[in-house]
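So the sequence lines, in the order shown, correspond to chains A and B. Each residue of the first sequence is one higher than the one before, counting from 0 in numbering that gives the first Met the number 0. Each residue of the second sequence is one higher than the one before, counting from 0 in numbering that gives the first Met the number 0.
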Amino acid sequence: MIRLQQLNLGDLNVGPLKRPYVALMMDVIGRGLEAASQVDETIQREVRKLPDGFMFDMRALPDGPCFVMQKDGDSTLSYIGSTAPRKPDVSLKFKHLNHAFLVLSFQEGTARAFANDRLLVDGEIAYAMKLVRCLNRMESLILPKVVAVRALKRYPQLSLKEKLADGGRIYTRLVKNLVWG
Amino acid sequence: MTKAYYEFFCPVKIVAGNAALEHIPYELRTLAASRPMIITDKGVRGAGLVDHVLGAFAESGMDVVEIFDDVPPDSSTTVVKTIAKLYRDSGCDSIIAVGGGSVIDTSKGVNILVSEDGEDLSEFSGVGVLTKPLRPFFVVPTTAGTGSEVTLVAVISDPEKGVKLPFTSYFLLPNAAILDPRMTLTLPAHITAMTAMDALTHAVEAFTCMGKNPISDAYAVSAIKKISENLMTVLNTPDDVDARLELAQASTMAGVAFSNSMVGLVHSLGHSLGALCHLPHGLCMNLFLPYVLEYNLAERGDIIGELLLPLAGADVYASTPASERGRAAINTIREMRDELYRRCKLPRSLSETGKVTKDQIQKIAEMALDDGSIIFNPVEVDLADAIAVLEKAW
Ligand SMILES: [Fe+2]
Chain A
0 MIRLQQLNLG DLNVGPLKRP YVALMMDVIG RGLEAASQVD ETIQREVRKL
50 PDGFMFDMRA LPDGPCFVMQ KDGDSTLSYI GSTAPRKPDV SLKFKHLNHA
100 FLVLSFQEGT ARAFANDRLL VDGEIAYAMK LVRCLNRMES LILPKVVAVR
150 ALKRYPQLSL KEKLADGGRI YTRLVKNLVW G
Chain B
0 MTKAYYEFFC PVKIVAGNAA LEHIPYELRT LAASRPMIIT DKGVRGAGLV
50 DHVLGAFAES GMDVVEIFDD VPPDSSTTVV KTIAKLYRDS GCDSIIAVGG
100 GSVIDTSKGV NILVSEDGED LSEFSGVGVL TKPLRPFFVV PTTAGTGSEV
150 TLVAVISDPE KGVKLPFTSY FLLPNAAILD PRMTLTLPAH ITAMTAMDAL
200 THAVEAFTCM GKNPISDAYA VSAIKKISEN LMTVLNTPDD VDARLELAQA
250 STMAGVAFSN SMVGLVHSLG HSLGALCHLP HGLCMNLFLP YVLEYNLAER
300 GDIIGELLLP LAGADVYAST PASERGRAAI NTIREMRDEL YRRCKLPRSL
350 SETGKVTKDQ IQKIAEMALD DGSIIFNPVE VDLADAIAVL EKAW
């Protein structure tokens with residue numbers, strides 16, 4: 000009986016901590032992307048090619064968690080939060096919370112999630128490709144290499160400055176953003 | 000591959016072989032349809048191919064109610080709207096697309112409008128917007144290449160907004176694909192070659208890229224075998240009915256494979272080159288295939304090596320050491336391309352096209368990075384990598 004209840008609640012395959020973990024990681028990634036876009040030129044180059052006011056989100060179907068970002072200024076992204084004020088231009092949707100968990104715990108890369116039919120793009124594919132490159136870049140900058148190599152098809156050649164100085168600046172901004180909101 | 004997962008879906012009935020066209024009336028009846036409209040283009044009609052389809056309706060107790068034969072090479076929402084009006088005015092209840100990629104995509108668009116009773120096609124653009132089955136829809140391919148008869152996507156340009164609208168839905172899959180050798184019998188040599196190389200690329204990329212799965216693999220390998228065994232036969236004896244049918248089947252099988260496993264860098268580069276320099280899709284595939292395989296070789300050597308068997312046959316496969324099979328598979332494809340160049344001047348490099356300038360390489364590479372297929376390439380591709388492959392293909 001308890002097992003049946005657990006099954007219905009999805010506890011057996013999702014676990015009680017996965018939703019808060021995914022929500023937390025989406026918050027961290029949103030803020031991390033914001034910080035990285037203020038520091039890293041590679042990300043700025045991609046963002047510059049997005050239309051003004053471009054908005055995107057990444058969410059787990061059917062009802063979240065979610066993070067929403069918007070292009071502000073010429074080359075930076077700002078973190079909007081967990082609800083979108085309008086329909087985003089591009090939406091990256093995980094079919095299930097568990098799939099979001101796999102990617103956000105860096106067990107499965109974004110490309111693998113697409114190839115495994117777990118992650119859907121709603122909106123212009125060309126923009127989604129730019130976003131995927133931004134996400135990959137941010138991961139390579141802030142994650143320890145041993146973690147990043149699992150999530151990325153290829154770990155980029157980073158100069159020591161990029162990994163330590165820029166990665167460090169992203170961290171500082173990220174922590175500030177997390178603490179002071 | 001750890002924690003593997005895949006999905007495979009193909010509900011399209013395949014009606015293939017001699018006198019396959021004559022099965023259409025029966026197949027329509029099983030779907031409670033009796034007033035079909037044919038959608039085609041001037042070239043197909045002019046070649047007398049629509050007559051084969053019309054002939055199949057003789058003695059069937061059913062007639063083709065309407066024919067639209069003016070689909071342009073790049074289908075647009077305007078054409079779709081015109082055809083939808085014709086369909087409604089004539090009281091049709093089903094669609095038979097007779098043609099290649101553009102005719103098939105246009106017909107998918109028409110089916111959306113007439114089934115959803117809509118006027119504005121852009122309302123239905125996107126992923127999963129359609130939520131119920133559409134009208135009975137058959138496809139009779141007249142080229143052996145695109146595989147559109149088994150894909151769930153359509154791309155239709157919106158000339159007013161200046162954008163290309165993508166449509167993705169299981170409901171866009173035709174109810175049946177009719178493969179009749181009569182429909183490809185008169186296809187000229189260079190189009191036969193280009194479209195076959197498109198089909199070969201679909202199969203090779205489905206097999207070697209990140210979306211590969213055991214069921215798609217089976218379709219891909221069989222498609223590659225059929226193409227390598229029959230393409231030259233068809234070019235030698237264009238009216239060889241059996242070999243033509245083999246190519247048509249290979250194209251459909253490759254279509255089933257790639258619509259489930261997706262494609263990779265050959266298509267990313269090919270889509271950009273095609274759009275920028277107005278070159279046919281199959282030609283672009285022929286051009287990039289070996290260079291992209293070389294780019295992926297270090298990562299996917301074993302998998303590419305498996306393709307030596309369907310490409311070159313059992314004897315060559317058995318006598319080639321395992322470690323050299325990947326390279327040998329690529330060389331077999333190069334030899335195929337050389338042969339096609341000798342026979343019908345199908346370009347093997349960007350310079351041989353005579354339509355590309357060196358200063359376009361940067362732009363082609365940039366566009367390729369934004370193509371959705373690039374994410375499925377097994378090796379990461381950045382701008383410098385894409386440029387390097389393009390320079391090799393120069
Ligand atoms: Fe193709």
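The beta-carbon is built from N, C-alpha and C at its ideal position, and this holds for glycine as well. Quantities reported herein were computed from a predicted structural model and do not represent experimental measurements.
- Query: For Glu33(A) versus Leu76(A), is the C-beta distance shorter than 8 Å?
  - Reply: In the first sequence, residue 33(A) corresponds to position 34, counting from 1. In the first sequence, residue 76(A) corresponds to position 77, counting from 1. Yes; because the gap between Cβ atoms is below 8 Å, this pair is in contact.
- Query: Taking C-alpha atoms, which residue in Ser322(B), Ala153(B), Leu292(B) lies nearest to Thr200(B)?
  - Reply: Within the second sequence, the letter at position 201 stands for residue 200(B). Nearest of Ser322(B), Ala153(B), Leu292(B) to Thr200(B), Cα basis: Leu292(B).
- Which whole-angstrom value is the C-beta distance of Ser59(B) and Pro35(B), which I expect to be below 8 Å? By 1-based counting over the second sequence, the position of residue 59(B) is 60. By 1-based counting over the second sequence, the position of residue 35(B) is 36. Actually they are not in contact, since the Cβ atoms of Ser59(B) and Pro35(B) sit about 11 Å apart, beyond 8 Å.
- Query: Per DSSP, Cys65(A) is paired with what?
  - Reply: Here the question's residue 65(A) lines up with position 66 in the first sequence. Cys65(A) is bridged to Arg58(A).
- Which chain E residues are close to Ile373(B), counting only those with a beta carbon under 8 Å from its beta carbon? The structure shown contains no chain E; its protein chains are A and B.
- Less than 8 Å between the CB atoms is what I'm expecting for Pro289(B) and Arg333(B), so what's the real figure, rounded? Numbered from 1 along the second sequence, position 290 holds the residue referred to as residue 289(B). Numbered from 1 along the second sequence, position 334 holds the residue referred to as residue 333(B). Their Cβ separation, rounded to whole angstroms, is 5 Å, which keeps Pro289(B) and Arg333(B) in contact under 8 Å.
- If we cut at 8 Å on Cβ distances, does Gly125(B) have a partner in chain A? The residue given as residue 125(B) occupies position 126 in the second sequence. Yes, because at least one Cβ of chain A sits closer than 8 Å to the Cβ of Gly125(B).
- Item | Within chain A, the residues that Met209(B) reaches when beta carbons sit closer than 9 Å | If you number the second sequence from 1, residue 209(B) lands on position 210. Here the neighbours are Ala110, Arg111, Phe113, Ala114, Asn115, Lys152.
- Item | Cα-Cα separation, Gly269(B) to Pro71(B) | Translated into positions along the second sequence, residue 269(B) becomes position 270. Translated into positions along the second sequence, residue 71(B) becomes position 72. Taking the straight line from one Cα to the other gives about 21 Å.
- Query: Is Thr200(B) near ligand 1, judged by its Cβ being under 7 Å from some heavy atom?
  - Reply: On the second sequence, position 201 is the one that residue 200(B) refers to. At least one heavy atom of ligand 1 is nearer than 7 Å to the Cβ of Thr200(B), so yes.
- Within chain A, partners of Val378(B) - CB distance below 9 Å: Walking along the second sequence from the start, residue 378(B) turns up at place 379. Correct list: Lys152, Arg153.
- Taking Ala125(A) as the query, report the chain B residues whose CB atoms sit under 7 Å from its CB, ordered along the chain. To locate residue 125(A), count along the first sequence from 1; it is residue 126. Near Ala125(A) (Cβ distances below 7 Å), the residues of chain B are Asp369.
- Query: Which residues share a DSSP beta bridge with Asp154(A)?
  - Reply: Looking up residue 154(A) in the first sequence gives position 155. According to the sequence shown, residue 154(A) is Tyr rather than Asp. Note: Tyr154(A) sits in no beta bridge, so no partner.
- Message: ligand 1 and Asp104(B): does the residue's C-beta get closer than 7 Å to at least one heavy atom of that ligand?
- Response: In the second sequence, counting from the first residue as 1, residue 104(B) sits at position 105. False, no ligand heavy atom lies under 7 Å from that Cβ.
- Around the C-beta of Arg134(B), are 16 or more other C-beta atoms found within 10 angstroms, so that it is buried, or is it exposed? Taking the first residue of the second sequence as position 1, residue 134(B) is located at position 135. Counting Cβ neighbours within 10 Å, Arg134(B) comes out buried, since at least 16 surround it.
- Does the distance from the C-beta atom of Val378(B) to that of Asn295(B) stay below 8 Å? Here residue 378(B) corresponds to residue number 379 of the second sequence, with the count starting at 1. Here residue 295(B) corresponds to residue number 296 of the second sequence, with the count starting at 1. Yes, the pair counts as a contact, with Cβ atoms nearer than the cut-off.
- Which runs of the alpha helix (DSSP H) fall wholly inside the segment 166 to 235 of chain B and span at least 4 residues, in chain order? 188 to 207, 213 to 235
- Item | Burial state of Tyr316(B), where buried means 16 or more other Cβ atoms lie within 10 Å | Within the second sequence, numbered from 1, the residue matching residue 316(B) stands at position 317. Tyr316(B) comes out buried.
- Message: Below 7 Å on C-beta distance, what does Pro6(B) contact in chain A?
- Response: By one-based count along the second sequence, residue 6(B) stands at place 7. The sequence shown places Glu at residue 6(B), rather than the Pro named in the question. What Glu6(B) touches in chain A: Asp116.
- Query: Do Ile226(B) and Leu246(B) come within 8 Å of each other at the CB atom, strictly closer than that value?
  - Reply: Locating residue 246(B) in the second sequence gives position 247, counting from the first residue. Locating residue 226(B) in the second sequence gives position 227, counting from the first residue. Result yes, Cβ atoms of Leu246(B) and Ile226(B) sit closer than 8 Å.
- Message: I'd like to confirm something about Asp197(B): is its beta-carbon nearer than 7 Å to some heavy atom of ligand 1, or not?
- Response: Counted from its first residue, the second sequence places residue 197(B) at position 198. Answer for Asp197(B): yes, Cβ within range of ligand 1.
- Message: Please list the terminal residues of the continuous alpha helix (DSSP H) segment that includes Tyr78(A).
- Response: Within the first sequence, residue 78(A) is the residue found at index 79, counting from 1. It is not in any alpha helix (DSSP H) - Tyr78(A) instead sits in the beta strand (DSSP E) that spans 75 to 80.
- Task: Could you tell me which chain B residues have their CB closer than 7 Å to the CB of Leu157(A), listed as they occur along the chain?
- Result: Locating residue 157(A) in the first sequence gives position 158, where the first residue counts as 1. The premise fails here: Leu157(A) is roughly 13 Å from chain B at the closest Cβ pair, so nothing lies under 7 Å.
- Which one of Lys131(B), Val14(B), Ala192(B), Phe137(B) has the shortest CA to CA distance from Ser106(B)? In the second sequence, residue 106(B) corresponds to position 107, counting from 1. Looking at the Cα atoms, Phe137(B) is the closest of the given residues.
- Item | Nearest residue (CA-CA) to Ser89(B), options Arg326(B), Ile66(B), Val78(B) | Along the second sequence, one-based indexing puts residue 89(B) at 90. The residue with the shortest Cα to Cα distance from Ser89(B) is Ile66(B).
- Using a Cβ-Cβ distance under 8 Å, would Val27(A) count as near chain B? On the first sequence, position 28 is the one that residue 27(A) refers to. No - not a single Cβ of chain B is within 8 Å of the one on Val27(A).
- Using only alpha-carbon positions, find the residue among His266(B), Ile37(B), Leu308(B), Val97(B) that is nearest to Asp179(B). In the second sequence, residue 179(B) corresponds to position 180, counting from 1. Nearest of His266(B), Ile37(B), Leu308(B), Val97(B) to Asp179(B), Cα basis: Val97(B).
- Query: Can you tell me whether Ser158(A) is buried or exposed, with buried defined as 16 or more other CB within 10 angstroms of its CB?
  - Reply: As a working note, residue 158(A) is residue 159 in the first sequence. Label assigned to Ser158(A): exposed.
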